[in-house]
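Following this line, the structure appears as structure tokens:
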């Protein structure tokens with residue numbers, strides 16, 4: 787779905803068209819859950835539900851075209867770098883990130899912020915060794931992400947788990963593009979330091 | 003050797019996040035349910051959770067098990083309305099008033115220049131200020147505008163109560179918090195057709211700083227309060243001792 791499609795759905799949802807809003811929910815459900823999980827762990831589902839309700843109630847405040855311009859340039863590569871950073875997605879994910887931060891702040895002792903890799907089915911045949919190695923690599927990587935500070939983990943979640951561009955990440959963080967880039971760069975450096983020779987420098 | 007950025011993208015596909023497969027349908031049912039849009043079911047869920055947690059805290063105390071507070075502050079649960087985050091604590095409430103507290107302490111005498119200050123406030127905030135009827139409120143005593151809230155906060159003080167109106171931006175973190183005793187009751191109510199809350203217990207109110215921590219110099223005590231949110235503005239009526247009285251004032255806001 788392109789930004790024009792989002793805006794059309796938002797316009798319909800503003801008039802009370804619940805089907806249109808359901809389409810938006812379905813479209814952004816997975817990246818929203820990944821983002822919230824990256825910020826608030828086990829509280830992700832509640833955070834996303836509250837965020838979608840809040841977004842629906844506040845659709846009148848969404849202004850298509852507002853926000854930071856797309857960063858462009860080769861350094862803005864990566865997930866979804868070709869998409870404009872001024873649309874519904876960063877607006878919605880700002881709400882998701884806020885809800886997740888609220889949850890993280892007030893998290894009870896019964897919930898966990900620790901990220902986990904999903905268990906995979908037992909492999910069969912010759913592929914089993916390779917799959918096991920991949921799984922172990924992911925386990926080490928997620929442990930390194932868990933060791934990051936809240937701010938660094940959040941920027942990683944925005945960029946890589948939710949797949950936002952750098953300019954969209956800056957908008958969600960309410961900071962200049964350069965600040966978002968340097969925070970992401972620092973987070974990646976910390977991960978490389980933790981993982982050592984396992985990753986390319 | 004792996005490429006880190008590629009590996010992080012791959013990791014996203016393998017994290018154990020909830021799938022939320024039925025999220026769209028659940029939200030759809032919520033949004034088409036009779037009555038005013040959302041908030042209600044969520045608020046009920048939160049209240050139920052808050053009450054469960056409060057009960058759990060009391061049970062721990064009753065059985066002699068010390069409730070160990072989470073690291074930063076003794077928070078038992080989270081809920082919120084509009085611009086106001088509500089937290090519970092099993093520790094004594096802060097008592098010292100801040101040097102620069104949240105505006106809105108009720109009980110001022112009428113002032114001659116209050117209407118002039120109200121006119122200035124209308125220019126200073128990014129929402130339409132509503133006021134209670136003269137019959138319900140009496141003379142306007144004071145008007146304070148606080149720009150620590152993006153979009154503005156205005157406190158209208160009358161002799162018996164204060165009406166506080168706060169710009170609510172869903173893309174910003176909640177700027178205000180209320181800290182309640184763990185066993186304080188938060189009563190879910192409807193206010194002018196919107197989901198709201200009535201908190202009869204004494205509690206404290208203050209601002210959250212950018213990192214989400216209490217800004218201790220902004221904390222002050224608050225009495226009973228009626229709280230609700232509508233169309234991007236959070237409303238509080240503070241100082242009236244009964245829910246019915248607060249509802250009566252809310253009904254006259256124009």
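Protein chains in written order, with the working numbering: chain A, 787 to 987; chain B, 3 to 256.
Note that the Cβ used here is the ideal one computed from N, Cα and C, for glycine as well.
Enumerate in chain order the residues of its own chain whose CB-to-CB distance from residue i is below 8 Å, with the five nearest sequence positions on each side excluded.
i, result
"residue 210(B)", "87, 175, 176, 177, 178, 179, 216, 217"
"residue 38(B)", "Legend: pLDDT at residue 38(B) = 35, less than 50; position of this residue unreliable, no value from coordinates given."
"residue 800(A)", "845, 846"
"residue 70(B)", "Below a pLDDT of 50, predicted positions are generally treated as unreliable, and residue 70(B), at 25, falls in that range; no measurement from the model is reported."
Going by DSSP, name the residue or residues bridged to residue i.
i, result
"residue 224(B)", "205(B)"
"residue 91(B)", "183(B)"
"residue 160(B)", "142(B)"
"residue 155(B)", "148(B), 168(B)"
"residue 230(B)", "198(B), 237(B)"
"residue 210(B)", "216(B)"
"residue 834(A)", "Its beta-bridge partners do not exist; DSSP assigns none."
"residue 190(B)", "199(B)"
"residue 931(A)", "In the DSSP output, where bridge partners are listed per residue, residue 931(A) has none listed."
"residue 178(B)", "86(B), 209(B)"
"residue 17(B)", "903(A)"
"residue 919(A)", "Bridge partners of residue 919(A): none, in fact."
"residue 985(A)", "4(B)"
Hey, how far is the Cα of residue i from the Cα of residue j?
i, j, result
"residue 840(A)", "residue 881(A)", "8 Å"
"residue 906(A)", "residue 925(A)", "12 Å"
"residue 145(B)", "residue 251(B)", "17 Å"
"residue 18(B)", "residue 833(A)", "16 Å"
"residue 31(B)", "residue 96(B)", "42 Å"
"residue 970(A)", "residue 140(B)", "56 Å"
"residue 124(B)", "residue 167(B)", "12 Å"
"residue 202(B)", "residue 225(B)", "7 Å"
"residue 917(A)", "residue 15(B)", "14 Å"
"residue 902(A)", "residue 928(A)", "7 Å"
"residue 797(A)", "residue 27(B)", "20 Å"
"residue 953(A)", "residue 234(B)", "26 Å"
"residue 102(B)", "residue 873(A)", "38 Å"
"residue 200(B)", "residue 150(B)", "25 Å"
"residue 962(A)", "residue 922(A)", "36 Å"
"residue 135(B)", "residue 248(B)", "13 Å"
"residue 85(B)", "residue 173(B)", "11 Å"
"residue 857(A)", "residue 883(A)", "At residue 857(A) the pLDDT is 35, less than 50, meaning the model places this residue with poor confidence and gives no usable figure here."
"residue 900(A)", "residue 829(A)", "11 Å"
"residue 253(B)", "residue 171(B)", "24 Å"
"residue 809(A)", "residue 842(A)", "12 Å"
Residues in its own chain within less than 7 Å of residue i by CB, not counting five upstream and five downstream?
i, result
"residue 973(A)", "934, 938, 941, 942"
"residue 976(A)", "934, 938"
Could you work out which residues of chain B lie near residue i, taking near to mean beta carbons separated by less than 8 Å?
i, result
"residue 952(A)", "What residue 952(A) touches in chain B: nothing, since even the nearest Cβ is about 12 Å away."
"residue 830(A)", "19, 20"
Quick check on this structure: which residue in the options has the alpha carbon closest to the alpha carbon of residue i?
i, options, result
"residue 945(A)", "127(B), 10(B), 94(B)", "10(B)"
"residue 29(B)", "949(A), 916(A), 835(A)", "835(A)"
"residue 184(B)", "157(B), 90(B), 241(B)", "90(B)"
"residue 25(B)", "805(A), 823(A), 825(A), 831(A)", "831(A)"
"residue 950(A)", "885(A), 982(A), 829(A), 818(A)", "818(A)"
"residue 93(B)", "163(B), 207(B), 182(B)", "182(B)"
"residue 23(B)", "813(A), 873(A), 930(A)", "813(A)"
"residue 825(A)", "887(A), 902(A), 957(A)", "887(A)"
"residue 223(B)", "230(B), 240(B), 232(B)", "240(B)"
"residue 877(A)", "978(A), 793(A), 915(A), 829(A)", "793(A)"
"residue 827(A)", "885(A), 804(A), 843(A), 805(A)", "885(A)"
"residue 232(B)", "20(B), 242(B), 255(B)", "255(B)"
"residue 161(B)", "106(B), 8(B), 246(B), 127(B)", "106(B)"
"residue 21(B)", "957(A), 806(A), 802(A), 823(A)", "823(A)"
"residue 957(A)", "920(A), 875(A), 802(A)", "875(A)"
Can you list the residues of chain A that residue i reaches, using a CB-CB cut of under 9 Å?
i, result
"residue 10(B)", "927, 931, 942, 945, 946, 947, 974, 977"
"residue 1(B)", "Residue numbering for chain B in the displayed model covers 3 to 256; residue 1(B) lies beyond these limits and cannot be assessed."
Quick one: which chain B residues come within Cβ less than 9 Å of residue i?
i, result
"residue 903(A)", "13, 16, 17, 18"
"residue 808(A)", "26, 27, 29, 30, 33"
Quick check: is the beta carbon of residue i nearer than 9 Å to any beta carbon in chain C?
i, result
"residue 21(B)", "Among the protein chains in the structure shown, which are A and B, there is no chain C."
Whose Cβ in chain A lies nearer than 8 Å to the Cβ of residue i?
i, result
"residue 234(B)", "844, 846, 847"
Residue i touches chain A at which residues, Cβ-Cβ below 7 Å?
i, result
"residue 222(B)", "Those do not exist, as residue 222(B) stays about 21 Å from chain A at its closest Cβ, beyond 7 Å."
"residue 168(B)", "Per Cβ cutoff of 7 Å: no residues; residue 168(B) is ~14 Å from chain A at best."
For residue i, go through chain B and note every residue whose CB falls closer than 7 Å to its CB, in chain order.
i, result
"residue 840(A)", "172"
"residue 966(A)", "Result: empty, since nearest Cβ-Cβ is about 15 Å, beyond 7 Å."
"residue 819(A)", "19, 20, 22"
"residue 811(A)", "25, 26, 29"
"residue 755(A)", "Because residue 755(A) is not part of the residues shown, which for chain A are 787 to 987, the question remains open."
To which residues of the same chain is residue i closer than 6 Å at the C-beta, ignoring the five residues directly before and after it?
i, result
"residue 245(B)", "200"
"residue 242(B)", "163, 248"
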